[in-house]
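Below: one structure, written as structure tokens.
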Amino acid sequence: MSTTITNTDTLCVLGCRAPGGDPWPAQSGYLTCDPCAAELRSTLLEIVELYALLDDALLPGVSDGGTRGSPGYGSRSPARDSVLAMTDPRSHAEDEGDPLPVLDVLGSWADNVREDVGLVPREIPEGVRREGGLLAGWLDYTANQVWAVGILDKLTEARKAISVTLGIAERTVSGEAHFLLQWQDWITRQYWVADLNQEAGELRHQLRGVLGLHERSVPVGACPIKIRDNGVVRPCGASLRARLGGESITCRSCGTSWPRAFWDMLGDALGTPLSDFASLSAWLTVPNGTLRRWRHEDQWINHGSKSRPLFARPDVLASWQRRRGPARAA
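Note that the working numbering has the sequence shown beginning at 8, numbered continuously upward.
Here you go:
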């Protein structure tokens, strides 16, 4: 059942928080703020792109790093079980951490939307389904006739509408994901958008893992969010890490998330840690010579002395992401 929230004072339900620990306000009439909604859209689009690459990851002879692994001994599946689980709708995650079937997960959310907005009748009599299937077949036959060229688009549209309504359309990951994107404005007003966001994030994470695309990350400081622990308010203190191409920083302890638009605010809450070249090199695993070149190219401000220069880590992190992020390498 659809439950749309229109309260203008609603707080974002996807986890982003202000430095004081309070949830960030949602966009007026929605349950999410704009940066979190944009991150959900980005996640769904990335799922489509990564899923299309799974065929290359199906055989077990190639490791995540892209090099051929040792053949080993004993009985093994002729294909990677994790990829099969993600591509077979009949698969079910029995234990925590098991791969989720991508199409099944997206399809269930898409069906939830279709049912709530009235795109699919809740119950379709078997006779209606059978007659609809015959009509769809007749439309397919007609579309293949030479004389039907002028009305091909209308025939295709009618065929698609019948198939979707009767639940006989062939589902694809791309089709279900783009259907969710088409209805995102409505979805971000629903109470269950946080559950969709969580499952979409899990799908993206497992796809990145099986394709060997997990990004390296670096620590950026301790989580400054105030939490209540046995009646005592204290800083969370868990280590925060930033990924090369990441669009958000999420605390694995308290769950607080800062979309990229709020990183300056996070930096203010963390303060401005300063480091010399040796510390920066160990932090980012980047040679001193490279860091010195970045310093001149990006005009880092020296907060130390001439003999021991110190630089703000947020400035260095920005240079690192600018040069090593996947968007720049594309």
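Beta carbons are placed, not taken as given, at the ideal position from N, Cα and C, and that holds for glycine.
Fair warning: this is a prediction, and the values are worked out from it, not measured in the lab.
Any 3 or more C-beta pairs closer than 8 Å across the stretch 155-163 and the stretch 137-145: no
Whether Val112 touches Glu206 by CB criterion (7 Å): yes
Span separating the alpha-carbon of Arg235 from that of Glu183: 40 Å
Contiguous alpha helix (DSSP H) assignments of at least 4 residues, all confined to the stretch 190-228: 191-194 and 200-217
Buried or exposed by the 16-neighbour rule on C-beta atoms within 10 Å, applied to Gln197: buried
Residues near Ile308 by beta carbon distance below 8 Å, same chain, minus five either side: Phe318, Ala319 and Asp322
Helix, strand or coil at Arg302 according to DSSP, with G and I counted as helix: helix
Residue range of the unbroken beta strand (DSSP E) whose run includes Asp118: Where Asp118 is concerned, there is no enclosing beta strand (DSSP E), although the alpha helix (DSSP H) it sits in stretches over Val109 to Val124.
Span of the beta strand (DSSP E) around Thr257: Ser255 to Thr257
Limits of the beta strand (DSSP E) - the one that Asp236 falls within: Lys233 to Asp236
Endpoints, the alpha helix (DSSP H) within which Ser49 is located: Asp41 to Tyr58
Bridge-paired residues (DSSP) for Cys23: Ser264
Reduced DSSP secondary structure (H/G/I, E/B, other) of Ser282: strand
Start and end residues, beta strand (DSSP E) containing Ala249: Ser246 to Arg250
Cβ contact (3+ pairs, closer than 8 Å) linking the stretch 46-64 and the stretch 211-219: yes
Pairwise C-alpha distance: Leu298 and Arg315: 14 Å
As assigned by DSSP and simplified to three states, the class of Val239: strand
His185 to Cys261 span [Cα, whole Å]: 31 Å
Beta-carbon proximity check, Ala245 vs Cys258, cutoff 7 Å: yes
Own chain, CB closer than 7 Å to Ala201, minus 5 neighbours either side, in chain order: Val20 and Leu21
Nearest candidate by alpha-carbon position, reference Ser35, set Gly208, Thr195 and Val225: Thr195
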